[in-house]
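To keep things clear, I will list the structure first and then write my remarks on it.
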Amino acid sequence: MGQSPAQFLDEPPSSQTLTPYDRQHMVLYLRLLDSARDGADWREAVQILFGLDPEHEPARCKRIHQAHLARANWMTEHGYRELVRESQRP
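In the numbering used here, each number is its position in the sequence shown, counted from 1, plus 10.
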């Protein structure tokens, strides 16, 4: 099942550090990365993961998908480092 629209923003907050939003949506980010890796169509991903209808709001749905996928990719390149540092603290 997808998430309800109240659970996500159209665009994740932009920050050079992990945000509470990132932490709350970690599973969503992982599922987006998996769907991109598997070659899933963005329309299918946005419908399943966000619970949105891409036929009804194609431009908004595409923006939401792209923005969250970009943040998910940022997590794989930068954000994960904060998680590693936190896990190594006594």
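Heads up, the beta-carbon is just placed ideally off N, CA and C, and yes, glycines get one too.
Here the structure is a predicted model, which means the values were calculated and not measured.
Residue i burial status per 10 Å Cβ neighbour count (16 or more: buried)
| i | result |
| --- | --- |
| residue 37 | exposed |
| residue 66 | exposed |
| residue 70 | exposed |
| residue 45 | buried |
Helix, strand or coil at residue i according to DSSP, with G and I counted as helix
| i | result |
| --- | --- |
| residue 18 | coil |
| residue 86 | helix |
| residue 59 | helix |
| residue 64 | coil |
| residue 76 | helix |
Please determine if the segment 20 to 39 and the segment 86 to 95 are in contact, where contact requires at least 3 C-beta pairs separated by less than 8 Å. yes
Entirely enclosed beta strand (DSSP E) segments - the segment 19 to 57, minimum 3 residues: none
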